[in-house]
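Here's the structure, in structure tokens; my notes come after.
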Amino acid sequence: MPRPKTYNTEGVVLKHMRLGEADRIITLYTPDRGKVRVVVKGARRAKSRKGGFLQPLTHVRVSIAEGRSLDQVVEAETVASFRALREDLGLVSTGMYLADLVDGFSADGAVNPAEFRLLVDALGGLESTERPEQLACYFETRMLGIAGFGPELWQCVDCGEELSPGDYAFSCASGGLVCLECRSQTDGSLIHVSMNAIKVLRFFQRTDFPQALHLPLTDRLIQDLRRVLGNYITYVLEREPRSAEFMHLVSSG
Numbered sequence: 018m019p020r021p022k023t024y025n026t027e028g029v030v031l032k033h034m035r036l037g038e039a040d041r042i043i044t045l046y047t048p049d050r051g052k053v054r055v056v057v058k059g060a061r062r063a064k065s066r067k068g069g070f071l072q073p074l075t076h077v078r079v080s081i082a083e084g085r086s087l088d089q090v091v092e093a094e095t096v097a098s099f100r101a102l103r104e105d106l107g108l109v110s111t112g113m114y115l116a117d118l119v120d121g122f123s124a125d126g127a128v129n130p131a132e133f134r135l136l137v138d139a140l141g142g143l144e145s146t147e148r149p150e151q152l153a154c155y156f157e158t159r160m161l162g163i164a165g166f167g168p169e170l171w172q173c174v175d176c177g178e179e180l181s182p183g184d185y186a187f188s189c190a191s192g193g194l195v196c197l198e199c200r201s202q203t204d205g206s207l208i209h210v211s212m213n214a215i216k217v218l219r220f221f222q223r224t225d226f227p228q229a230l231h232l233p234l235t236d237r238l239i240q241d242l243r244r245v246l247g248n249y250i251t252y253v254l255e256r257e258p259r260s261a262e263f264m265h266l267v268s269s270g
């Protein structure tokens, strides 16, 4: 019997699940193969080296053998453990939410290096930021754009009219802002968005992590952003991300 082919890659562990008495299936997000599910033999045994390397929210480098149904990890080493996240419940809950978003927006095998880079940068940023909620808002905004669902913030999604400065309403169904005239004719629920929230969302769409995290935002403004982004993400995914409720519970406590 020929030996199985192996390949080397890096990835962030999004989640894991039990398989049998001693093994685990882990979901990795990689820059060159997208989202992949692989078996880690013996990962649940106390003395397993690979199991320790392959915890959720860990950036790893792995060697993987191709299998009939699932590929198998044969070697693993840690690139970044993001240890500070595991020592703070608020940070780890936010990190798991970000991983949940990547899992939800990514089809198996769909390659998107920008999405991988966004996740790695976000996990690194969580270790040093004092505003994890602000980081999550930035991540949500950029994740939507990378996945092809970036909200329209510059013109009315119904009539195409360019929007002048002011407060508007956001339509999850249409994926963007609705002008005052179209708002009165629109069926379905709309979310009020303040002018300041619109400015921040526009800024997030075109800036990088350092600039986004240094932008001074009030708690009220972050709440407004989270309401709009959270509702839109739930609409796009057709479900609320599993970890969202826990993250909100921790951050409000």
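In my numbering, each residue carries its 1-based index in the sequence shown increased by 17. Beta carbons are placed, not taken as given, at the ideal position from N, Cα and C, and that holds for glycine.
Same chain, Cβ closer than 7 Å to Asp117, neighbours up to 5 away in sequence not counted: Answer for Asp117: Pro258, Arg259, Ser260, listed in chain order.
Run of the alpha helix (DSSP H) containing Val110, from where it starts to where it stops: It should be pointed out that residue 110 corresponds to Ser in this sequence rather than to Val. Where Ser110 is concerned, the enclosing alpha helix (DSSP H) stretches over 106-122.
CB contact check: Lys32 to chain B, cutoff 7 Å: Included in the structure is just one protein chain, with no chain B present.
Nonlocal neighbours in the same chain, by C-beta distance under 8 Å from Gly141, ignoring five residues either side: Taken in chain order, the residues that qualify are Ala97, Phe99.
Spatial distance of Cys176 from Phe156 (CA atoms): Straight-line measurement puts the Cα of Phe156 at about 29 Å from the Cα of Cys176.
Cβ separation of Val90 and Gly28, assumed to be a contact under 8 Å, to the nearest whole Å: Not quite, the Cβ-Cβ distance comes to about 10 Å (not below 8 Å), so this is no contact.
Secondary structure of Lys58, DSSP reduced to three states: Note: Lys58 maps to coil in three-state DSSP.
Three or more C-beta pairs below 8 Å linking the segment 158-173 and the segment 105-122: They touch, by the three-pair rule.
Asn213: first and last residue of the uninterrupted alpha helix (DSSP H) it sits in: Run containing Asn213: 212-223, per the alpha helix (DSSP H) assignment.
Whole-angstrom C-beta distance between Ser80 and Asn25, which should lie under 8 Å: A Cβ-Cβ separation of about 5 Å places Asn25 in contact with Ser80 under the 8 Å criterion.
Own chain, CB closer than 6 Å to Phe226, minus 5 neighbours either side, in chain order: Taken in chain order, the residues that qualify are Asp138, Gly142.
For Ser269 and His231, the rounded distance between their alpha carbons: Going by the C-alpha atoms only, they are around 22 Å apart.
Beta strand (DSSP E) segment containing Ser38, residue limits: For clarity, residue 38 is Glu in the given sequence; the question names Ser instead. If you look at Glu38, you'll find it isn't in any beta strand (DSSP E); DSSP assigns it neither H nor E.
Where the alpha helix (DSSP H) containing Leu135 begins and where it ends: Counting along the chain, the unbroken alpha helix (DSSP H) around Leu135 starts and ends at 130-143.
When Lys32, Glu150, Arg159 are compared against Arg134, the one with the closest alpha-carbon: Residue Arg159 holds the alpha-carbon nearest to the alpha-carbon of Arg134 among Lys32, Glu150, Arg159.
Own chain residues within Cβ distance below 7 Å of Gly107, not counting five before or after: Excluding residues within five positions, the ones whose Cβ falls inside 7 Å are Pro149, Val267, Ser268.
Rounded straight-line distance, which links the Cα of Ala127 to that of Leu87: Ala127 has its alpha-carbon roughly 17 Å from the corresponding atom of Leu87.
For Ala63, the three-state DSSP class (helix, strand or coil): Residue placement at Ala63 is flagged as unreliable, the pLDDT there being 49, under the threshold of 50; the coordinate-derived value follows with that caveat. In this structure, Ala63 counts as coil in the three-state DSSP scheme.
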